[in-house]
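Enquirer: Have a look at this one.
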Amino acid sequence: METIYAICVGIMTAGGVFLVLRGYTFAVVLGLTLLSYAVNLFLFASGRLVVNGAAILGESEVYADPLPQALVLTAIVIGFAMTAFALILALRARADLGNDQVDGDND
Amino acid sequence: MKRWLLPMPLHSLLLLLVWLLLNGFSAGHFVLGLFLAWLIPVLTAPYSDHQSRAGKPLVVIRYVLRLLLDIVLSNVDVARRVLKSNHSLQPGFVAFPLALQGDFPLTVLASTISLTPGTVSVDFSEDKQWLYIHALHITDEQALIDDIKQHYEKPLQEIFSC
Amino acid sequence: MLQHLIFFPVLLPLLAGIFLLLPPLQGYARRQRVAVFLVNALLLVSAVLLLQQSLQHEPQMYMMGDWQAPFGIALVNDKLAAIMLLLSAVLGFAVHLYACAGDDQRGPFFHPLFMFQLMGINGAFLTGDIFNLFVFFEILLIASYSLLIHGGGKQRTQAAVHYVLLNLVGSAFFLFGLGVIYATFGTLNMADMAYKAAQLNSEDIALAKAGGLLLLVVFGLKAALLPLHFWLPRTYANTSTPVAALFAIMTKVGIYSLWRVHTAVFGEHGGELANIAVGWLWPLALATLVAGIIALLASQTLKMLAANLVVVSAGSLLLTIALNTPQATAAGLYYLIHSTLMSAALFLIAGLVQEQRGQAQDRFVRSRPVNQPALLGGLFFIAALALVGMPPLSGFVGKILLLQAAGDGSDAAWIWPPILISGLAALIIFSRAGTTLFWRAQGVSQNQVVAHPLQITAIILLLLTSPAMVIWGGALTDLSLSAAYELHQQPLPVIPANMAVPEVLP
Amino acid sequence: MLSLELLQGAVLLTSALVVIALILNVWRMLRGPDITDRILALDTLYINSIALIILLGLYNGSALYFEGALLIAMLGFVSTAALCKYLLRGDIVE
Amino acid sequence: MESVVHSIAAVLLLIGGFFVFVGSVGLLKLPDFFTRLHAPTKATTMGIGAILLASMVLTTMRDGSLSIHELVISLFLFITAPVSAHMLAKAALHRRVKFLDHSKSAELAARAAEQKNPD
Amino acid sequence: MNLFWIPLLPLLGTLVPLLSYRFGRTATAALTALLPALSLLLVVQAIPAIFAGEALTWQAEWIPQIGLNLAFHLDGLGLLFSLLILGIGLLVILYARYYLSESDHMGRFYSYLILFMTAMLGVVLSNNLLQLWFFWELTSISSFLLISFWSHKSDARKGARMALTVTGAGGLALLGGLILMGQTVGSYDLRTVLASGDVLRESAVYPIIIVLFLLGAFTKSAQFPFHFWLPHAMAAPTPVSAYLHSATMVKAGVFLLARFYPVLADTDLWFVIVSMVGLATLLLGAYTALFKHDLKGLLAYSTISHLGLITLLFGLDTELAAIAAVFHIINHAVFKASLFMAAGIIDHESGSRDMRQLNGLWKYMPYTATLAMVAAASMAGVPLLNGFLSKEMLFAETLHQATLGSLSWLIPLLATIGGALAVAYSLRFIHDVFFNGEPINLPRTPHEPPRYMRVPVEILVVLCLLVGIVPDFAVGDLLNAAASAVLHKPLPDFSLAVWHGFNGPLLMSLLAVAGGITLYYNRRHLFAFQGQFTDFDAKIEFEKGIQWTTEKAAVIHRWLDNASLQRYVFLLVVFALVVAGWPLLQLEGAAGSRPQLPVNGVALVAAGILIVGTLATVMFSHLRLLALIMISIVGLIVAVAFAYFSAPDLALTQLSVEVATIILFLLALYFLPQKTPLRDSSPRRIVRDLSISSLVGAVIGTLCYAMLTRPLNSISEFFIANSKTGGGGTNVVNVILVDFRGFDTLGEITVLAIAGLGIYKLLAGMRLYVPAADSDGRPWAKDKNPMMLALVSQSLLPLALLVSAYIFLRGHNMPGGGFIAGLITAIALIQQYIAHGVAWMKVRLNFPYHGLIAIGLLLATFSGLGSWLFERPFLTTWFDYFSLPWVGKFELASAMVFDLGVYFTVIGATLLILANLGQLTTSERPLPGGK
Ligand code: NA
Ligand code: NA
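Protein chains in written order, with my numbering: chain A, 229 to 335; chain B, 119 to 280; chain C, 24 to 529; chain D, 856 to 949; chain E, 241 to 359; chain F, 459 to 1389.
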C-alpha cells in the first residue's frame, strides 16, 4: 500500500510542478492546487499509514498519529487562503496587464 | 408566524427531527435540538420567500408512499433499459401543460417527475405554464402526460390547495 | 503581566489588527494611525524589556497552552530573538510614521495589514517550533502579499504575481521539508530536534538531510540566496515606499531561520547531520554576492539600487552563515541590523525623491530638481555613507566584522574580494546616483510636493541608528557575540528527553 | 456464522460494484463528449463515493465515516449546481 | 435475529450495489446526454439509498439503539438529485448538446432552451 | 594634556560655521578659525616635549571586538603633519574669507573644510590601524564634499566623483591591508604593529599587505597610474586645492609611507615598487605640467610630480632618502599652498586661469607677482629657497643607491630630467603669466587683491625664504623629530646647510636649471611636438570606464535575470530537486523496516483514478473548465484517502475546502480567457519541464516511500494520552488543533483573515472585462436564477446550518470542529448567492464580513487570553463537566469559544472572498477603505 501511496504522491507532485512551470496564471494556480494536494498527502504520510485507527479515543484499538493530521489540517486551510489570493491576483493581473500570462506581455 | 417566534414551524419540526436523527434521541439533545430548531429558522427566515401552505397530511403521506414505490419501479425500469440493447430506445421531449401553481408545488412536481419512471424534468417555460420533460422511452406522449397529471399533479393540487 | 511579556510582540499586533477592523477604529484614518502608533511604541517597550530579560537570564520560554515542551508550542526569548524583535520594532515604528504621511490611505486595510505583518515577523523570531515557524511564515507572507499590492498599479501587480506565485511554490517545499523532518525526528520543537539530531537512526539520516536541505531551499528563497533571489529586486522596487522599507526585514527572516535551523539544529552538535547546509551555502552565497554586485552596478533607479543592495547584503549575510563560527554569526548579526535599517531608510528616501522629481521619478537621468535638494540630498548622503560602508557610520563596522570573521586563511581569500568590491560598487553607483538625482538638474520643479514632517522624522529616526551603532559599537558587538555564542553553543533550552507519558484514559 | 460471512461477502461484492461504477464514471468523464456529460459524471462520482465511504464504515464497523458521506452529499450538489450555473451564465454569483 | 438482520442488510447492500452499478453503466452506455441523465439521477440515488438503509439496519443492530442518521444523507440526496438533473439538463439545452436524431418532439428542445411555450 | 582634544576641537568646530554664517562673512571666518586655532595651540604646547624625544598618547576603548579603539599618539611625524594641517588650514580659512563670493554658502564650505581638518588630524594622530583607516576614509568623504562644492558645475560633480571613486577604492584596499596587518601581528595597535616589522616582513601575506597598502597610499597621493583624478579635483574652489591638493590630503598617502616605513620597507619588493612608481610619477607629472594652459592644471601636475618625488625618496634604499622625503613634504606644502593661493588670487581678480589669456600681470599686480615668483622659484629648486634644499638631498640620494642593480645609474639621470622639467614649468608659470606682453580678453581688469587675502601667501613665502636660508634654525628640530619618528631609530648624520661645496648634487641642479631654461626657450617646438598627440582626458575616460562597467553589468544582469517567473520557478524547483535528491543518492534502498499495509483492490482503483485525474488535469490544463472538473476528481479521491487512512477530520476539511476552491475557480474563470493557447511553450521547453517535474515527482515519491516504510517514534503518544484528561476531548486531532497546538490554529485563521483582507484589497477598484458570451461565442442563458435551484437551495439552508451546528458541537470528541462547520455555513450561504444572486442576498445579508472576521479572531484570542486571569500562559484551556436535570451531563470548555472564533473567522473570510468576487459584475462594487 505504501508503494501505491508514494507513487500517487510522486505523480501528483510531478503534475503540479509541471503546471507550475507554465506561463499562464490559471495553469500555475491549478498546478499549485495540485501541488498542495500532494503536499498534504506527503505531510500526512509523515505519520505513516494506519487503517481503521482514527485518533478518536475509544473508537479504535491502534491510533494513527494525530499530529500530522492536525498539521495537514492547518496546511489545507492555509493552502486554501493562498490559492484564493493567488487566483484573485491572477484576475487583478488580467485587469491591470491585459492578459493572463505570468510575465505580462513579454513571453 | 412572528419574526422571533417560530417563523417557519414546519422547518423547525423538521430540524428537530433531523437533529435527533443525527445525534440520537436523548433528553439533552432534545433540549439542544429545540433550541436550534428555534434559532436556525429565526436566522434563515429572511432567505425563505416562498411560503406555501401544505395541508391534508393524509394526502401527503399517500403521495410520499406512492412516490417511494414509483422510485423503486422507476429504477427497475431504468435498469432494464440500461442493460438491454439501446437500439429499441425511443427517447424524446414532452411538453407538460401545468395546472399546478406556485414555485414550491412546481418544484415538488418537477422533482417527482425526475425521480419517477422514465422521465426527467428539463425546464419550465418562462410563464410556468409548461414543464418540459425528457423521457427515456416514449410510446404514447399523451398517456405519459395523463399519467403524471393523475398520479402527481392532482395530489399536489390537493395538498397545496391550488 | 510580565510573565507573558514574551508573547507581547505577537499578541499586541494581533489584537491591534483585530480591533482595527472593528468599530470604533474601523474606517477612521486618524484613529487607526494613532492606535498603531501606540501599539508600535508598546512593541518598542516590550522589545527593550525582552532584550533586558535576555541579558539577565538564560533563554526564557513561554509555553502556549501551558503544555510542556516539546509537546506544546514554545516561544523562546534568547538574545538573538530579542535583538531581532527590537530591530523589527524600530523598523516598524519608523516605517509606520512614514506611512502615516499619506501612503496609508492609498488602499484599504493598510493599518491592520501592517500589524499582521509585524505579528508574522515577530512570531517567526520568537517561535521555537518548526511548524509554528511555518505558520508564522505564512502569516508574514500573506500579509506581505496584501501589502505589496497596496496602492495598486501595473508594475506592482506584475511584481506581486511573481512574488506570490514563487513563494507559494516555496511554501509547498517548506511543507515537504516539514513532512520529512517530522517523519524522522518525530518532533517539531527545534530544541528537541537539535537534541535528537545526533541520535537519529542511521536509516533516517539521509532522509533527515533531505528534509533539512528542503528547508534550506525555503529559507534561501526568503533570504535571497542565488539562484532563488531574482524575485527580490523588482518586488521591492515596485511596491509602495513604506512597504518596501518594511520588507527590508523580510530577507532577514530567512537569514534568521537559517540561524535557528541550520546553525543551531543542524549545527556542530548534529552528529552526522552537522552543518549539512554549509557546503551548499559557501559557493551559493559567494555567487549571490557577486550577482548582487553586478545587479547593483546595473541599477537604473534609486529603489532598484536599494533593492539590489538588499541582495548584496543577503549575500554577505549568507557568507557569515557559511563561515559557521560564532564570530561570523556575530558579524552577521551586526551587519544584519545595520543593513536592515539603512536599506529601509534608503527606500524611504527614494520614495520622497520619486515624488518630488515628477516624471523622472527616481531614475538616474537628468531631470527637474527635487524641491528639497539640501534636505533629501543630505539624508541620502548619510544613508549612502552607511550603506557603502564608509566611516563614520555603521556600515564600516559591519564591513570590518565581516572581513575579520573570514579569518586569514583560504576563507578570507574567497570572501574578501567580493566584500571589498561590493563596497567599491556601492560607492560607484551611489556617487552616480547622488550626483545625478540631486545635482544634475535642469529646469524648475513642476510640483510643490514637499516631504511631510512625519516622513522626515521617520527617515531621521532610522538614520540615527547608524551613528548610534558606531558610538555604542562596543556594547553592540559584545551583545552580538554573546547572542552568537548562545546560538552556537546552547541552541535553546534543552528539553527533558521524554517526559513521563500518563496512562491512556478513554 | 454463515450470515456474517454472507454479509461480509455482500459488502465486498457491493464494494466491487461501486468501484467498477467509479471506473465507469471516470471513463465517462474522460470521454465527454460534452462538458455537461463530464459534470454529470463528476456528480455521479461524488455520489458513488458516498457509497464507498459508507461501505468502508460497514467494513470497519466504525461510525466515523458518516460525516464524510453526509458532507459529500451536501457539497457535491453545490459543486454541480455551480458548474451548471457557470455553463449557463458564466457568472455564478451575479 | 442477528442472522436475519445480516441477511436483510446483505440483500439491501447487493440491491444498492446493483443500482449504483447500473447507474454508472447507464451513464457510460446510453446514447446521448439526455438519456444518460436518467441513469444516475434515478439508479444511483436509489442505490445509495439502499446501501444507506443497509447501514442503518446494521448500525442499529450493533449499537442496540435506533441509529438512522443515514436518513439525513438520503434526504439530501433525494432533494438534490432532481435539481442537479434539472440544472444539467438546462445547461445541456442551453449548450445545444446533441441528442439522438430520432428523439421524439426534438423541436421542443429548442423551445425549452429558450423557456418558451410550445407553439 | 588630553590628545583627544586636538581632533575633537575641530570636530566641534564643524558646527560653528553652520551656526554662525548668518553673522557675516568676517565673523564666520573668525569664529570658525577659533577652535582650530585652539587646537593648534595645544599642538604647539606639546612641541617641547616632542623635541625632547617624548611622545604623547591617549587611548579609550571603543569597539574592542573589532580591534577599533580611540587611540591617539603624537610623535615627531604627527607633530609635523599636525602643524601643517592646522597652520595651513588657518591660513586657508583666512584666504577663503576673501575668495568665496556672496553667493557661496560660506557656512557649509567652512564646515566641510573643518571636517576635513579633523579627518586629517585623525589620520596623522591615529595610534590604531582601524581608527587610522576611519579618518582616512573621512578625508575622502570630506574632500568629495569640498570638490563638489559648486555642485551645479558638471566638472565639479565629475571631478568629485572620480576623486571619491579612486580614493575610495584605494581606501578599501588599504582596509584590507590594515586588517591583514592587524591579523598578522595580532593587534591593531599602531605601536605594536610598528614594533613587529620582522613578523610582517616574514609573513606569507606580506606581498598582499604591501600591494593593498600601497594601493591605498598611491591612490590618495595621486601616484601613477592613479594620478589622473587629481587635476580634475581642481574643479574645487581654490582654497580647497591649496589645502587638500597640495598641503594635506594628497600628503596622507606619503604620510602612510612614512608611518609604516619601519615595518614595511626594507624589502626589495617595497623598494622596487615604491621607487619606480615614484619616479614614473615624478617624470610624468613634470612633463604634463609643462603643457597645461590652466594655471591650476599646471600646479596640479606639478603636485603630482612632487608627490612622485617624495615617493621616490621613500623608495630609495637609504635612510637619508627618507629624511629628505620628510623634508620635502614640508617644503612642498609650503610653496605649493602659496602658489595655489596666488593662482586663486589671479583667477579671482582677472577672471581667468588660462595662461594664453593671462599675460603681463606684473604691471597690474606687482606685489602678488613677486610673491608668486618667489614661490615658483622654490618649486623650481632655486637656491636660497626651501625647494632647493630638499631637491639637492634627492639628487644626493639618487647617487647613493642601488635600487635597480646595475641599472641604478638611470635613477639620477631621470631625476635630473625631472628637475629640468620642473624648472621649465616654473619658468613658464612666471614668464607666461606675469610677463609675455599684454593680457588677452580677460573678463576683468586685474588688480591687487584685498589686503588680507594676500596675508596667507605672504606668510608662506616668508617660510619658503626662512627655510631656504636658515634651514637648521627654521625646521631643524622639527625635521629631526619627524624623521626619527619615521625611521624609528637614531638618525644618521645629515646637515641642513645651503652650501655643501661643489659636488654631484649641485652639478645635477645646475644641469637641471640649464636644461629647464633650454626646454622653456624651445617651448614652441616642444608644444608642437606634444600637439601631435590627442589629449588624454581622464575625466571622459573615467566616465566611459564607469559607463562601460555599468553597461556590461547590465548585460550580464539581463542575461542572469530575464524577469520571467517561469525561470524563477524553474530555478527554485531545480534547486530543490538537487538538494533534496542529493542525500537520496546516499540512501541504500528506499524501503525501511516498517511492515507495510497490504494492497487491496479498492485502494488500487482509487489510486488509479487519482493518477488519471492528475494526468487529465495536466493534459486538459489548456481547456480550463475541463481541467477544473478533472482536478475535482483528485480532490475527492484525496478526501476519500484521508477517510480511509484514519483521518476523518482531514477528509471533512478536504471536502469542504475542495468545493470552496472549485467555486472560487469558477468565479475567477469567468473573467479569465477560457482557453490557454494549446502550445504555450516550445516543445523543447515542454520536454525540459516534463523531465524536471518527473524528477521532482520521483524524488518526492521516493522520500514519501522511504518515510512511510520507516518506524516512527514521535511525541504523539503524549497527545493521545492527554487528550481526554488534559484537553477534555476524545478527538485527539481536534484537541491538538484547539488546545495542544491551538496557537498554530490561531495563526492559521489569521492567515485566512489576512487573505480575506488582501483579496478585498485586490478587488478594490478592479475593472474587468465582462464577457457577453461563453468561450464558444454562445450568449449567456437568460434565466438568471433557475427557480428550482433557488427554491431548493433556500430550503436546504436551515438543514445545512443544522449540520454545521452538528459538526461544530461534536468536533471536540468526534470528527468535526469549528473550521469545517464554518466552511459548511459559508458554502451554504454561497449556495444562496449562486441560486439567488448578489442583489437578493444584499437585502438579506448585509454584513461587513471583515467585521465578522475580526469578531472571530477576537473570540479566539480572548479565549486564549482568559487563561491570564488564572496566571496561566496564553491558550491554557479550561473544561469541566456539568449536569442539569433533564438534560444530563454535558461538557463546557474554553476550547469551544476558541473553536467558535475559528468558525466565525472562516465564515467571514470565505464570504469576504467569494461574495466580494461575485459582486464584481454588479453595480455593487466594493469600496476602498472598507467603509
Ligand atoms: Na457577479
Ligand atoms: Na600667458
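C-beta atoms are modelled at their ideal positions from N, C-alpha and C, and glycine is treated no differently.
Source: prediction; values computed, not measured.
1. With a 10 Å radius around its C-beta and 16 neighbouring C-beta atoms as the bar for buried, classify C:Met24 as buried or exposed.
2. With a floor of 3 residues, list each beta strand (DSSP E) that falls wholly inside the stretch 857 to 883 of chain D, ordered by position along the chain.
3. In the DSSP assignment, the beta strand (DSSP E) including B:Trp248 goes from what residue to what residue?
4. List, in chain order, every chain C residue whose beta-carbon is nearer than 7 Å to that of F:Ala1222.
5. Who are the near neighbours of C:Thr480 in its chain, counting only those whose CB is closer than 7 Å to its CB and skipping five residues on each side?
6. At a CB distance below 7 Å, what residues from the stretch 425 to 438 of chain C approach chain F? Give them in sequence order.
7. Please list the residues of the stretch 873 to 904 of chain D that have a C-beta atom closer than 8 Å to any C-beta atom in chain F, keeping them in chain order.
8. For F:Tyr995, does the count of other Cβ atoms within 10 angstroms reach 16, so buried, or fall short, so exposed?
9. So is E:His309 buried or exposed if we call it buried at 16+ other beta carbons inside 10 Å?
10. Mind checking the stretch 1248 to 1279 of chain F against chain D and listing, in chain order, the residues whose C-beta falls within less than 7 Å of any C-beta there?
11. Is C:Trp439 near ligand 3, going by C-beta to nearest heavy atom under 7 Å?
12. By Cβ distance, which residues of its chain are closer than 7 Å to C:Asn212, with the 5 residues on each side in sequence left out?
13. Could you confirm whether any beta carbon from chain F is found closer than 8 Å to the beta carbon of C:Ala520?
14. Of all the CB atoms in chain B, is at least one closer than 8 Å to the CB of E:Thr300?
15. For chain C, check one thing: does any of its Cβ atoms lie closer than 8 Å to the Cβ of A:Ile306?
16. On the CB-based measure, 16 or more other CB atoms within 10 Å of its CB, does C:Phe461 come out buried or exposed?
17. Please work out which residues of its chain come closer than 7 Å, Cβ to Cβ, to F:Ser699, disregarding the five sequence neighbours upstream and downstream, and give them in chain order.
18. Less than 8 Å between C-beta atoms, sequence neighbours within five positions excluded: which residues of the same chain meet that for B:Leu218?
19. What are the start and end residues of the alpha helix (DSSP H) that includes F:His1294?
20. Tell me, please, which residues DSSP counts as bridged to F:Ile521.
21. If you count every other CB in all the chains shown that lies within 10 Å of the CB of F:Phe960, and 16 or more means buried, which is it?
22. Decide if C:Ser225 is buried, meaning its Cβ has at least 16 other Cβ atoms within 10 Å, or exposed.
23. Going along chain B in order, which residues have a C-beta closer than 8 Å to the C-beta of F:Met1165?
24. Quick one, which of F:Leu1310, F:Ala1312, F:Leu1287 has its alpha-carbon nearest F:Lys1300's?
25. In the DSSP assignment, find the unbroken alpha helix (DSSP H) run with C:Pro396 in it and report its ends.
26. As an exercise, report each continuous alpha helix (DSSP H) stretch of at least 4 residues that is fully enclosed by the stretch 825 to 883 of chain F, in chain order.
27. Just the Cα atoms here: how many angstroms apart are F:Thr1008 and D:Glu949?
28. Would you identify the three-state DSSP class for B:Trp137, choosing helix, strand or coil?
29. With a threshold of 6 Å on Cβ separation, who are the neighbours of E:Leu298 within its own chain once the five nearest residues in sequence on each side are excluded?
Expert: The answer reads as follows:
1. Exposed, since its Cβ has fewer than 16 Cβ neighbours within 10 Å.
2. List check, beta strand (DSSP E) in window: nothing returned.
3. Per DSSP, B:Trp248 belongs to the beta strand (DSSP E) from 248 to 253.
4. Within 7 Å Cβ-Cβ: Gly130, Pro131.
5. Contacts found: Leu120.
6. Correct list: Leu426, Gln427, Asp431.
7. If the cut-off is 8 Å between Cβ atoms, the stretch 873 to 904 of chain D has Val874, Leu877, Ile878, Val881, Met884, Leu885, Ile890, Arg893, Ile894, Leu897, Leu900, Tyr901, Ser904 near chain F.
8. Sequence check: residue 995 of chain F is Asp here, not Tyr. F:Asp995 should be labelled exposed.
9. By the 10 Å Cβ count, E:His309 comes out buried.
10. Correct list: Ala1258, Val1261, Ile1265, Pro1273, Gly1274.
11. Absence of ligand 3 is noted for the structure shown, with ligand 1 and ligand 2 being the only ligands found.
12. Correct list, in chain order: Ala92, Pro93, Ala97, Gly151, Asp152, Ile518.
13. Any reading at C:Ala520 must be qualified, since the residue scores a pLDDT of 43, below 50, and its modelled position is unreliable; no value is offered.
14. Look at E:Thr300: its C-beta is not under 8 Å from any C-beta on chain B.
15. A:Ile306 belongs to the set of residues whose beta carbon lies under 8 Å from a beta carbon in chain C.
16. Classification for C:Phe461: buried.
17. These residues qualify, in order along the chain: Met692, Lys754, Phe798.
18. So the list reads Leu224, Leu227, Glu271, Leu274, Gln275, Phe278, Cys280, once near-sequence residues are dropped.
19. That run of the alpha helix (DSSP H) goes 1276 to 1294.
20. Secondary-structure assignment with DSSP links F:Ile521 through a beta bridge to F:Leu526.
21. Answer is exposed; the Cβ neighbour count stays below 16.
22. Residue burial annotation: C:Ser225 is exposed, with fewer than 16 other C-beta atoms found within 10 angstroms of its C-beta.
23. Within 8 Å Cβ-Cβ: nothing; F:Met1165 doesn't reach chain B, min ~38 Å.
24. Checking every option, the nearest Cα to that of F:Lys1300 belongs to F:Leu1287.
25. Per DSSP, C:Pro396 belongs to the alpha helix (DSSP H) from 396 to 411.
26. Here the runs fully enclosed are 844 to 857.
27. Cα to Cα, the separation comes out at about 54 Å.
28. In the structure shown, B:Trp137 sits in a helix (DSSP, three-state: H, G or I).
29. Leaving aside the five residues that flank E:Leu298 on each side, the residues in its chain whose CB is nearer than 6 Å to its CB run, in chain order, Ala249.
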